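Below is one structure, written out as structure tokens; comments come after it.
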Amino acid sequence: MKRRELFKAVAAAGVLAAPNLARAQGSKVLRFVPQANLSSMDAVAGTQYVVRNAALLVWDMLYGVNAQLEPQPQMCEGHEVDADFKTWTFRLRPGLKFHDGAPVLSRDCIASLKRWMVRDTMGQLIAGRMDALEAIDDRSFRFRLNKPFPKLLFALGKNNAPTALMMPERIASTDPFQLISEYVGSGPMKFNKSEWVPGATAVFEKFADYPVRPEPADWLAGGKRMLLDRIEWVIMDPATAGGALQNGEVDWWETPLPDLVPLLKSNANIAVDIADPLGNIGSLRMNHLQPPFNDVRARRALLMGLSQQDYMQAVVGENPGLWRPLPSFFTPGTPVYSEDGGDILKGPRNYEAAKKLLSEAGVLGAKVTLLVATDVPITKAEGEVTQDLLTKLGFDVDYVATDWGTVGARRAKKDPPSQGGWNIFHTWHAGSDCVNPAPYTALDCGGDKAWFGWPNSPKVEACIADWYAAPDLAAEKQAIAAINRASFEVVTYGPTGFFQMYQAWRKNISGVVKAPFPVFWGVQKS
Amino acid sequence: MYAYAARRILSTIPVMAVVALFVFSLLYIAPGDPAAIIAGDQATPADVDRIRASLGLDRPFIVRFGEWVWHILNGDLGQSIFTNLPVSHMIAQRIEPTLSLMVLTLILSIAIAVPAGVLAAWKHGTWIDRLVMIMAVAGFSVPVFVVGYLLAYTFALQLDVLPVQGYTPIADGIGPWLRHLVLPAVTLGSAFIALIARITRATMLEVLNQDYVRTAKSKGVDQRSILFVHALKNAAVPIVTVIGLGVAGLIGGAVVTESVFAIPGVGRLVVDAILRRDYPVIQGVVLLFSFVYVLVNLGVDLLYTVFDPRIRY
Amino acid sequence: MSITTGLPFAPAAAPELADVLPPRKRRGRVAMFVYRHPTIAAGGLLLTIIVAIAIFAPMLGTMDPTALAPARRTRAPNAQYWFGTDMLGRDVYSRVLYGARVSLIVGFSVAFCSAIAGMFIGLVSGFVRWMDAVVMRIMDGVMSIPSILLAIALMALTRGSVQNVVIAITVAEVPRVSRLVRGVVLSLREQPYVEAAVASGTRAPKIILKHILPNTLAPLTVQATFICASAMITEAILSFIGAGTPPIIPSWGNIMAEGRALWQVKPYIVFFPAVFLSVTVLAVNLLGDGLRDALDPRLAKRI
Numbered sequence: 002m003k004r005r006e007l008f009k010a011v012a013a014a015g016v017l018a019a020p021n022l023a024r025a026q027g028s029k030v031l032r033f034v035p036q037a038n039l040s041s042m043d044a045v046a047g048t049q050y051v052v053r054n055a056a057l058l059v060w061d062m063l064y065g066v067n068a069q070l071e072p073q074p075q076m077c078e079g080h081e082v083d084a085d086f087k088t089w090t091f092r093l094r095p096g097l098k099f100h101d102g103a104p105v106l107s108r109d110c111i112a113s114l115k116r117w118m119v120r121d122t123m124g125q126l127i128a129g130r131m132d133a134l135e136a137i138d139d140r141s142f143r144f145r146l147n148k149p150f151p152k153l154l155f156a157l158g159k160n161n162a163p164t165a166l167m168m169p170e171r172i173a174s175t176d177p178f179q180l181i182s183e184y185v186g187s188g189p190m191k192f193n194k195s196e197w198v199p200g201a202t203a204v205f206e207k208f209a210d211y212p213v214r215p216e217p218a219d220w221l222a223g224g225k226r227m228l229l230d231r232i233e234w235v236i237m238d239p240a241t242a243g244g245a246l247q248n249g250e251v252d253w254w255e256t257p258l259p260d261l262v263p264l265l266k267s268n269a270n271i272a273v274d275i276a277d278p279l280g281n282i283g284s285l286r287m288n289h290l291q292p293p294f295n296d297v298r299a300r301r302a303l304l305m306g307l308s309q310q311d312y313m314q315a316v317v318g319e320n321p322g323l324w325r326p327l328p329s330f331f332t333p334g335t336p337v338y339s340e341d342g343g344d345i346l347k348g349p350r351n352y353e354a355a356k357k358l359l360s361e362a363g364v365l366g367a368k369v370t371l372l373v374a375t376d377v378p379i380t381k382a383e384g385e386v387t388q389d390l391l392t393k394l395g396f397d398v399d400y401v402a403t404d405w406g407t408v409g410a411r412r413a414k415k416d417p418p419s420q421g422g423w424n425i426f427h428t429w430h431a432g433s434d435c436v437n438p439a440p441y442t443a444l445d446c447g448g449d450k451a452w453f454g455w456p457n458s459p460k461v462e463a464c465i466a467d468w469y470a471a472p473d474l475a476a477e478k479q480a481i482a483a484i485n486r487a488s489f490e491v492v493t494y495g496p497t498g499f500f501q502m503y504q505a506w507r508k509n510i511s512g513v514v515k516a517p518f519p520v521f522w523g524v525q526k527s
Numbered sequence: 002m003y004a005y006a007a008r009r010i011l012s013t014i015p016v017m018a019v020v021a022l023f024v025f026s027l028l029y030i031a032p033g034d035p036a037a038i039i040a041g042d043q044a045t046p047a048d049v050d051r052i053r054a055s056l057g058l059d060r061p062f063i064v065r066f067g068e069w070v071w072h073i074l075n076g077d078l079g080q081s082i083f084t085n086l087p088v089s090h091m092i093a094q095r096i097e098p099t100l101s102l103m104v105l106t107l108i109l110s111i112a113i114a115v116p117a118g119v120l121a122a123w124k125h126g127t128w129i130d131r132l133v134m135i136m137a138v139a140g141f142s143v144p145v146f147v148v149g150y151l152l153a154y155t156f157a158l159q160l161d162v163l164p165v166q167g168y169t170p171i172a173d174g175i176g177p178w179l180r181h182l183v184l185p186a187v188t189l190g191s192a193f194i195a196l197i198a199r200i201t202r203a204t205m206l207e208v209l210n211q212d213y214v215r216t217a218k219s220k221g222v223d224q225r226s227i228l229f230v231h232a233l234k235n236a237a238v239p240i241v242t243v244i245g246l247g248v249a250g251l252i253g254g255a256v257v258t259e260s261v262f263a264i265p266g267v268g269r270l271v272v273d274a275i276l277r278r279d280y281p282v283i284q285g286v287v288l289l290f291s292f293v294y295v296l297v298n299l300g301v302d303l304l305y306t307v308f309d310p311r312i313r314y
Numbered sequence: 294m295s296i297t298t299g300l301p302f303a304p305a306a307a308p309e310l311a312d313v314l315p316p317r318k319r320r321g322r323v324a325m326f327v328y329r330h331p332t333i334a335a336g337g338l339l340l341t342i343i344v345a346i347a348i349f350a351p352m353l354g355t356m357d358p359t360a361l362a363p364a365r366r367t368r369a370p371n372a373q374y375w376f377g378t379d380m381l382g383r384d385v386y387s388r389v390l391y392g393a394r395v396s397l398i399v400g401f402s403v404a405f406c407s408a409i410a411g412m413f414i415g416l417v418s419g420f421v422r423w424m425d426a427v428v429m430r431i432m433d434g435v436m437s438i439p440s441i442l443l444a445i446a447l448m449a450l451t452r453g454s455v456q457n458v459v460i461a462i463t464v465a466e467v468p469r470v471s472r473l474v475r476g477v478v479l480s481l482r483e484q485p486y487v488e489a490a491v492a493s494g495t496r497a498p499k500i501i502l503k504h505i506l507p508n509t510l511a512p513l514t515v516q517a518t519f520i521c522a523s524a525m526i527t528e529a530i531l532s533f534i535g536a537g538t539p540p541i542i543p544s545w546g547n548i549m550a551e552g553r554a555l556w557q558v559k560p561y562i563v564f565f566p567a568v569f570l571s572v573t574v575l576a577v578n579l580l581g582d583g584l585r586d587a588l589d590p591r592l593a594k595r596i
């Protein structure tokens, strides 16, 4: 009997040690760990980065920005524009197809653009000066504007959500405030809805009929050539993801924790690199409608106490190469970057002066409702530092620990915190979205119409309008400096610093590029 | 016996009714407005009211409860607030990993714990007995996620013999399926093994002290046959009962284990849903797990009549 | 997870000889007690140490457990930070010591509240016949919801706070306690002296107070001990999955939840709270086992 048991144990061990066949045959299957759970696929009605990243695989765009953020033709063959930037005519490439086999026609693009214009800040600018958006034939259509809009191509090709993705007309006619529920795309990968397990996996499969452009791929521009048959997004927490990457169970991790990077680097099979040189800007977002931060003095006091070093070390760790102080609202290292007006964030922090200002404003010791998304490492770290800062400034902090989805819903409420509203939440903006005001939703100070927090400053709005009208780089620079100064005056939000994140992948993956979003085209697995 | 079985089966109906009422009213009084969440960032109050009416959220409690129960009886658990997918579909997608994990844990736990408990009782008072008891108390006291990370660190990362995470459907082969489930099952089983080992030891001690066992011993019946045929059969009722009741603990533990090992099961679904306040999903999962638990214990009670025909109730 | 709680059968440790014989007078009473009840002694001693640590945390070389210092984050244990520092530079030693307070408060409060509530429900249901069926059906229903799942669902309804955690876990534990108390009441009702009291017209509250209540105390104490242990683990699980006490409160579950992302590179952040939690739960479980054997050998067979 004992011998028989032993035999059984050996047999069982043999079963366990057998190589995973499914894994062996998957050289064209990429397993990717995204930054967060993919809960929807609508990058027009929603602005989450993770949704945008998935949508970019499934839907193509008329234009696409390259690494220099210059829009290049993608689905369009080209365009014609009159001298005063009012009449824009576009012509689609021949042979474009949706994933259901139907050809991409002008009316699909028009419907897609109309839905996008309702939700996007630049789209709204276009809509506000548009006389008509009309089809000429099945492959051509035309914008007729009554005021010039030179940045139209950038608006169509920008990478930040809401993104101008081209969908079939029937999907694009969904209410812009409702999520789409059919995912027939125009991009290089098809979304496999039946294998989608929200919170766990999302599967993309190669679309064989995608017409690849001949140019080399460059971010959203050029030929989106898929060298993979199947991309599996697996959602897992950072602790598990670290182990899975080391064990070769996943191929690519979008946002490895900075603390795990030394461990990953020590593994000969793993490559680690900065994900995006344009980095990110951390944001402490205040509600300008509700006390105490409806008073600009309270907002300024917060900036006087805000230590970017604390925030950045909490977010990215001690590696000084990964972050830098940012007395600005704009991405450092870009042509128009300005620190004008940012002195309040420089030098040693002065809590006493801040408290004095708070007591002048009559809000010393006021109650502050702080929303913290604890499921996202970056916002969790920012939230805990803010909790510490608010306590130091004598506020009575109501720390609401919740998840990113709930923060997303609750931040839209303008009610007082006691009725489900809020005072502070945290997020971050990709550096590529903060190079200038065009893609920079969070900079807008249009009051009720502005992004969550609803900052209101006609002065900032005027400066932004100046930038749009700027004829050359010097004028743009001047306008940006004025925006920065005005934004610090009104304290649109609290920049918590500039930081870079890593990405990590197994070395049998090649073709990974640096970008503010994962670029899957050109990526190969051996 | 059939009358007993029928009565026992009928008795689950009021229990399930109470569960349904409890689960429904829990989430009925939930703060937060699903309509406002669905309406999204930029909706007007009128939009929210329209959505609320279209969801039927403005009707009285009893009407909504009745309708809810009616839908459940028709297999409709409602729609997730966040993904807009039917809850029954989301659960169906994730039920296989959870069931696999729980069944494997159950088998593994029984396979380890019952012999250990029998051995401890047989060697009562020796170091073997003490060792088993120490392991059992320790199994209770170490939180399940600590066990999970320890095992993952040792077997997956240091020794590199098993995967760290994930799940492979059983359809892809029994080997990969088992490989992915071994560590989670041991993790989840740690407390369960302790529980079963203790109860087995205790009831075996009691049975071994009874006259007929002593008689059998004195007649020189083979030790092994005494232990496993005579004694264990008589100790089976309490052991099976504890296994049935312990399934509640397994369900709770599965929620954590699935998170630790990134297994796409129902447990992780409910954790995600709770952080997002996705109430229809929470309702569905709690109801499902409660139903499973009630069924398991119904099965256990019916098993009694097999193990111990004297039981008639 | 002390799943033993509330099971109809529990380990029936054979009563030790020492439990049965009357205590003989000896000089070393402490030694005698330890000899007779080694598990109570060991569990009690461990628990006393941990309670003392919790109470005297401010005097044990700790600093503010919530003070951030990102500049000194993730330090390995050293002479200055005995258990190292976490991702925000907080001192893990201080957090673990202060964390003992949260775990103990949750454990004791849940044990106390569910014992009181369960006793009340159990007494009423055992004594008031017409309510029995209804109350017990409700309890059966609530018991059919796996308790961690029930606690998680309750936490989804409210904000994370120590108080809400206590309430959520208590609700999940009450049915088992009330079943236990009801069982004791039902068996006592059949006792001749209780029947005699009823026949002689003694009022129900007096019977409960005089005859029933004292007899429920022993099993209730034992049960409460196990509930205490399981509540501490449940609290840790709730915090671990992000549905427990708010992260700014240094509870063991929270410290582990924060450290778990780094368990591979900074294992000490998880290690120390895990050891403390395990030892505390172990102490309470030992105490419970010992109490059960000592207070009521019969009970050992019946629970």
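So the protein lines, in turn, are chains A, B and C. Residues 2 to 527 (the working numbering) make up the first sequence, in order. Residues 2 to 314 (the working numbering) make up the second sequence, in order. Residues 294 to 596 (the working numbering) make up the third sequence, in order. By construction, the Cβ of each residue, glycine as well, lies at the ideal position given by its N, Cα and C atoms. Quantities reported herein were computed from a predicted structural model and do not represent experimental measurements.
Which residues in the same chain as residue i place their Cβ atom closer than 6 angstroms to its Cβ, once the five residues preceding and following it in sequence are excluded?
i                      : result
residue 308 of chain A : 350
residue 414 of chain A : 421, 422
residue 426 of chain A : 286, 372, 408, 412
residue 325 of chain A : 499
Identify the contact partners of residue i in chain B, using a Cβ-Cβ distance below 9 angstroms as the criterion.
i                      : result
residue 578 of chain C : 138, 141, 142
Using the DSSP secondary-structure output, state which residues sit across from residue i in a beta bridge.
i                      : result
residue 511 of chain A : A:525
residue 294 of chain A : Residue 294 of chain A pairs with nothing; no bridge assigned.
residue 478 of chain A : DSSP output for residue 478 of chain A lists no bridge partner at all.
residue 113 of chain A : Paired residue(s): none; residue 113 of chain A is not in a bridge.
residue 273 of chain A : A:505
Looking at chain A, is there any beta carbon in it that lies within less than 7 angstroms of the beta carbon of residue i?
i                      : result
residue 539 of chain C : yes
residue 250 of chain B : no
residue 331 of chain C : no
residue 543 of chain C : no
So with CB distances below 7 angstroms, who are the chain C contacts of residue i?
i                      : result
residue 278 of chain B : 449
Note down, in chain order, each residue of its chain lying with its Cβ closer than 7 angstroms to the Cβ of residue i, except the 5 sequence neighbours on either side.
i                      : result
residue 462 of chain A : 446, 447
residue 580 of chain C : 333, 336, 337, 340, 518
CB-CB under 8 angstroms to residue i, same chain, minus the five flanking residues each way: which ones, in chain order?
i                      : result
residue 139 of chain B : 195
For a contact defined as C-beta to C-beta under 8 angstroms, what are the partners of residue i on chain C?
i                      : result
residue 258 of chain A : 554, 555
residue 57 of chain B  : None at all; the shortest Cβ gap to chain C is about 21 angstroms.
When you compare the CB of residue i with every CB in chain D, is at least one pair closer than 7 angstroms?
i                      : result
residue 189 of chain B : Among the chains of the structure shown, chain D does not appear; the protein chains present are A, B and C.
Is there a C-beta anywhere in chain C that falls below 7 angstroms from the one on residue i?
i                      : result
residue 300 of chain B : no
residue 79 of chain B  : no
residue 150 of chain B : yes
Would you mind working out which of the options sits nearest residue i, comparing C-alpha positions?
i                      : options                    : result
residue 347 of chain C : C:579, C:573, C:581, C:584 : C:573
residue 376 of chain C : C:575, C:567, C:584, C:586 : C:567
residue 160 of chain B : B:17, B:76, B:184, B:48    : B:184
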